Amino acid sequence: MQAPRGTFDVLPEAESRYAAIERICGGILGRAGYGRIETPAFESTDLFTRGVGEATDIVSKEMYTFDDGGGRSMTLRPEGTAPICRAYSEHGMHRLQQPVRLWYMGSFFRHENPQAGRFRQFNQIGAEALGSDQPALDAELIVLLAEVLEAVGVRGCELRVGSLGSPERRAEYRVELAGYLRENAGRLTEDVRNRIDSNPLRAFDSSDPETRKVMEAAPRLADFLDAADAAHFSEVTALLDAVGIRYTVDTALVRGLDYYTRTVFEFTSPALGAQSGVGGGGRYDRLVEMLGGPQTAGIGWAAGVERIILASEGIDVEAQNQAVLTVPLTAERLADAFRIASELRRAGFGASTEVTGRSLKAALKHADKTGKRWVLIVGDEEASLKDLSDGSQTELEGPDAASVISMIGRE
Ligand code: HAM
498 MQAPRGTFDV
508 LPEAESRYAA
518 IERICGGILG
528 RAGYGRIETP
538 AFESTDLFTR
548 GVGEATDIVS
558 KEMYTFDDGG
568 GRSMTLRPEG
578 TAPICRAYSE
588 HGMHRLQQPV
598 RLWYMGSFFR
608 HENPQAGRFR
618 QFNQIGAEAL
628 GSDQPALDAE
638 LIVLLAEVLE
648 AVGVRGCELR
658 VGSLGSPERR
668 AEYRVELAGY
678 LRENAGRLTE
688 DVRNRIDSNP
698 LRAFDSSDPE
708 TRKVMEAAPR
718 LADFLDAADA
728 AHFSEVTALL
738 DAVGIRYTVD
748 TALVRGLDYY
758 TRTVFEFTSP
768 ALGAQSGVGG
778 GGRYDRLVEM
788 LGGPQTAGIG
798 WAAGVERIIL
808 ASEGIDVEAQ
818 NQAVLTVPLT
828 AERLADAFRI
838 ASELRRAGFG
848 ASTEVTGRSL
858 KAALKHADKT
868 GKRWVLIVGD
878 EEASLKDLSD
888 GSQTELEGPD
898 AASVISMIGR
908 E
């Protein structure tokens with residue numbers, strides 16, 4: 498027997514990648530004030546049809562929906578934002594200090610055609626901040642996703658940002674766009690033509706060359722933004738500029754979920770093939786209310802863990818994490834090596850001690866094979882720190898954790 502199509506087993510050697518991603522991302526989000534939340538793997542189908550939107554691909558063809566045996570329709574969660582909005586209302590989180598900052602990591606389910614980077618059960622790591630519509634929060638979330646991707650070894654990502662404006666202006670725009678598509682119907686694919694009324698925006702996603710030509714000249718949503726939406730967006734981009742994050746403004750950025758308002762963004766990696774989206778998200782200022790809760794603004798993102806792993810292949814996340822192996826040169830120095838590793842761990846660094854009595858040469862090889870970045874060699878009179886990334890070696894004053902941290906903390 499085999500695992501179902503589009504699913505996979507995570508064996509021990511791959512599991513360590515998941516654990517490292519969880520630890521590194523959790524560390525960054527935790528330090529930024531985000532608390533971890535877990536919601537059920539399945540929810541009332543209604544939550545997703547109302548939240549994500551009936552006309553989206555996710556709801557119209559990708560959900561695993563079943564009767565729970567008691568006549569209630571349930572669905573394996575295809576995404577995490579609607580469940581978190583449900584939990585926010587259900588637990589009265591609007592009474593807490595706002596914004597409420599949350600993060601999650603877990604399995605999600607979409608009945609898609611499996612291919613590289615696209616699965617039917619996959620993992621997402623995500624962050625959501627509810628209860629404020631301030632543009633600084635949009636910038637905070639985008640910066641955090643950039644930090645997370647960098648920390649787990651995904652390099653060279655491109656960031657696109659755009660604004661979808663308010664639902665009212667978008668409705669006006671849809672009418673205009675649908676009119677334009679109808680005028681050019683003869684040049685569109687059948688799929689796009691069939692969705693002129695239900696979801697004309699998805700025409701921008703088409704890969705058909707003729708349809709793309711039509712879309713190049715299509716009216717743009719950016720021209721329909723009202724002054725408040727435009728000002729909100731320019732504050733977001735000004736803050737991204739202030740922290741030096743590079744991005745392109747994409748006036749045709751559509752995401753496959755209906756709940757977005759104002760800011761939307763997506764990180765893509767050239768290391769991934771057709772499924773180049775590593776992570777993305779946006780603002781959803783109407784979603785909590787749409788699900789029956791109090792009027793609450795919100796913004797968030799999710800990144801695919803398998804896509805992170807694919808895009809960072811060959812990069813050792815543990816080494817990124819500054820792990821140190823402390824090696825005693827003689828049996829008398831074991832206690833020192835042991836103590837320093839413990840102090841380093843308490844200071845938040847990865848550290849372990851060579852306890853099996855390997856020779857220095859064998860210990861260096863072992864450190865390299867197990868993904869350590871640094872080796873602290875503890876001798877009788879002196880200690881030195883070797884950086885395995887470039888082979889350089891520095892003599893240290895005393896064999897203590899502080900002198901090690903002063904070296905590796907700078908990296
Ligand atoms: P999404 O763009 O549908 O957004 O998914 C986020 C990420 O999950 C994608 O960028 C991709 O890396 C990964 N992903 C999606 N589908 C698959 C699949 N079939 N196989 C592997 N990876 C996949 C959302 O889900 C929104 N909830 C994000 C959000 C949070 N917006 C606001 N807050």
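Counted from 1, the sequence shown has number 815 at position 318 by my numbering; the numbering is strictly sequential.
Ideal Cβ placement from N, Cα and C applies to all residues, glycine included.
Computed from a predicted model, the values in this text were never measured in an experiment.
Close Cβ partners of residue i (< 8 Å) along its chain, the five nearest in sequence each way excluded
i	result
Tyr756	Gly548, Val549, Gly550, Thr578, Ala579, Tyr781, Arg783, Leu784, Met787
Arg679	Ile693
Buried versus exposed, by CB contacts within 10 Å (16 or more), residue i
i	result
Asp564	exposed
Gln499	exposed
Ala816	Low confidence applies here, because Ala816 scores a pLDDT of 47, under 50, leaving its location unreliable; read the following figure in that light. Burial call: buried.
Asp635	buried
Gly854	exposed
Lys869	buried
Glu851	buried
His588	exposed
Arg652	exposed
Arg709	exposed
Asn696	buried
Sequence-distant residues of the same chain with beta carbon closer than 6 Å to residue i, five excluded per side
i	result
Ala898	Ile837, Glu840, Leu841
Gln890	Ser881, Lys883
Phe730	Ser660
Arg830	Val875
Beta-carbon gap between residue i and residue j smaller than 8 Å
i	j	result
Gly776	Ala799	yes
Val821	Ile874	no
Thr553	Ser570	no
Gly503	Gly614	no
Val645	Tyr744	no
Val597	Gly628	yes
Proximal residues to residue i (C-beta, below 7 Å), its chain only, five neighbours per side dropped
i	result
Leu593	none
Glu519	Met602
Val751	Leu698, Arg699, Phe701, Asp702
Ser849	Leu822, Ala838
Arg607	Ile555, Glu559, Pro575, Arg617
Cys654	Leu646, Phe764, Thr765, Ser766, Val775
DSSP beta-bridge partners of residue i
i	result
Phe563	Met571
Phe619	Phe605
Val761	Gly659, Gly779
Thr745	Arg657
Pro451	The requested residue 451 is not part of the displayed model; the chain covers only 498 to 908.
Ala800	Ile622, Gly776
Phe846	DSSP lists no partner for Phe846.
Alpha carbon of residue i to alpha carbon of residue j, nearest angstrom
i	j	result
Ile805	Leu599	20 Å
Met712	Phe846	51 Å
Pro664	Gly795	15 Å
Leu641	Gly527	11 Å
Leu656	Asp877	51 Å
Ala706	Gly683	At residue 706 the sequence reads Pro, which differs from the Ala that was named. So the alpha carbons of these two residues sit roughly 14 Å apart.
Tyr670	Leu718	6 Å
Glu892	Ser900	10 Å
Thr734	Thr827	57 Å
Tyr620	Val761	Note that residue 620 corresponds to Asn in the displayed sequence, not to Tyr. The straight-line gap from Cα to Cα measures roughly 21 Å.
Ala768	Ala715	30 Å
Val689	Gly797	29 Å
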